[in-house]
Amino acid sequence: MDPQRLSELLRNVQAGQTSVEDALQSLATLPFADLHHTMVDHHRPLRTGFPEVIFGEGKSAEQIAAIVTEMARAGGNVLVTRVEDEKALAVLGFIPGMEHKPSARCLLLRNKPVEVTGRGPIAIVSAGTSDMAVAEEAALVAELAGSEVQRFFDIGVAGIHRLFHRLDALRQASVIVVVAGMEGALASVVAGLVSCPVIGVPTSVGYGVASGGVTALHAMLSSCAPGVTVVNIDNGFGAGYAAALINRKR
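Numbering-wise (this note's numbering), the sequence shown opens with residue 6 and increments by one.
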């Protein structure tokens, strides 16, 4: 239950339009709902302003569908991350109204429109096309959290003129999320050219000593450009969420 729905419920009780008993029934599962395999945190939107997001990796299609169904009862949008295509199709068989976002490896159930509450646009920048799934995950999360998102894909340092071509637009962003594998240099380059916070997302893209993203992670953590913060390897969700929190109007 989000703050808006809870406020509406309390106003209806105050006005006599909803009985105390009905209100209590609506709030019965507010802290959490026990699905045996999962404890669904209905209270999270009140604490953090954003509902729980389902991490699809390691869960069965049946488990995901049960969690989505429970979360949908609260009336908010429901996002599932890290869902392979085969599993996504199985979940859609249980919940046909869901949207499959294969480019982000996500599933989305839209129950209400998203109000834009960000102070300005968030720029999502990817070094290469192979980084796109992580970048799209970040973009989708930031959009659902109420921010305008602009995408700038495949503008890595191997062809740095592509980055300079987008520089004027990037300088208008409130926050920039930079998604890069290989040596992860793009985060430092971008942070040296803009005045807003930069969130680096190392990806597991790269040969040999790229070590599944560890090299990019170390490079971003070692950045000489001030203003770079770094999330875990392939953690588009964490980057999009953090960017939306930074961008949120108080």
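All residues carry an ideal CB built from backbone N, CA and C; glycine is no exception.
- Note on geometry: alpha-carbon atoms of T234 and V219 lie some 16 angstroms from one another.
- In this model, I251 and V180 are separated by some 7 angstroms (Cα to Cα).
- Take C111, set aside five residues on each side of it, and the residues of its chain with a beta-carbon closer than 7 angstroms to its own are L84, V85, T86, V88, E142 and L145, in chain order.
- Under the DSSP definition of a beta bridge, R253 partners with G123.
- Going by DSSP, I204 is part of the beta strand (DSSP E) stretching over V203 to P207.
- Of the residues assessed, F157 falls on the buried side of the cut-off, its CB having 16 or more other CB atoms within 10 angstroms.
- Under the three-state reduction of DSSP, R156 is assigned to strand.
- Contact between A185 and D136 holds, with the beta-carbon distance rounding to 6 angstroms and staying under 8 angstroms.
- Going by C-alpha positions, I238 is about 31 angstroms away from F99.
- Ranked by Cα distance from H105, the options L222, F55 and K92 are led by K92.
- When secondary structure is reduced to three states using DSSP, T86 falls in the strand class.
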